[in-house]
Amino acid sequence: SLIRRLRGKHTILLSTHILSEIEQTCDRILMLNQGAIAAQGTEGDLLQRFAERAALELEVRPPEGTASPEALCTSLRALEGVAEVSWSAADGSPTFQLVVQAEADVREAVARATITDNYGLLGLRRRTTGLEKVFLELNRSESQTPEPATATAGEVSP
Numbered sequence: 209s210l211i212r213r214l215r216g217k218h219t220i221l222l223s224t225h226i227l228s229e230i231e232q233t234c235d236r237i238l239m240l241n242q243g244a245i246a247a248q249g250t251e252g253d254l255l256q257r258f259a260e261r262a263a264l265e266l267e268v269r270p271p272e273g274t275a276s277p278e279a280l281c282t283s284l285r286a287l288e289g290v291a292e293v294s295w296s297a298a299d300g301s302p303t304f305q306l307v308v309q310a311e312a313d314v315r316e317a318v319a320r321a322t323i324t325d326n327y328g329l330l331g332l333r334r335r336t337t338g339l340e341k342v343f344l345e346l347n348r349s350e351s352q353t354p355e356p357a358t359a360t361a362g363e364v365s366p
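Residues in the sequence shown are numbered consecutively from 209, following my numbering.
Printed below as a string of structure tokens:
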């Protein structure tokens with residue numbers, strides 16, 4: 209695209225809500241919240257600063273005769289480093305979404321709890337944090353205090 213050809217040769221100001229487009233094309237990012245700068249930096253800077261939590265996706269096969277996976281939810285919630293657990297059964301097999309502390313690698317403990325509760329472990333994947341998650345985190349709180357802008361009027365940083 210034109211933006212990719214101009215990249216590195218010109219400063220381009222791109223305003224969009226399509227964050228996947230930003231991830232593919234931009235070197236520096238500025239996010240607004242209620243018209244004020246809420247965060248700015250490279251994609252890596254923003255991900256590191258706001259990735260206090262990570263997500264895991266757990267796909268299981270319940271034991272025969274199990275009506276609800278709430279018992280497994282309870283076991284997973286009790287694990288150190290696990291902040292939130294939710295589940296859905298859209299295709300028949302329960303899929304759990306776990307929010308964990310970013311520095312905690314709880315995959316082995318999650319697998320052990322799943323097997324201990326007699327569930328078949330069909331999949332366990334770490335879901336990466338992207339700009340979408342950063343944006344949602346920034347805009348989740350109405351009381352978020354934006355960081356001060358570092359550029360002055362007429363100044364453009366490449």
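Using N, Cα and C, we set each Cβ at its ideal position, and we do this for glycine too.
Because the structure is a prediction, the values reported are computed rather than measured.
- Between the alpha carbons of I245 and F343 lies a distance of about 12 angstroms.
- A contact between stretches requires three or more CB pairs, one per stretch, nearer than 8 angstroms, and the stretch 229-240 fails this requirement with the stretch 284-300.
- Only residues of its own chain outside the window of five on either side were considered, and among them V268, R269, P270, P271 and L280 have a CB closer than 7 angstroms to the CB of Y327, listed in chain order.
- Note that the C-beta distance between Q305 and A263 is below 8 angstroms.
- In the assembly as shown, E345 is a buried residue. Its beta-carbon has 16 or more other beta-carbons within 10 Å.
- DSSP, read as helix, strand or coil, puts Q232 in helix.
- In the three-state DSSP reduction, V314 falls in the coil class, being neither helix nor strand.
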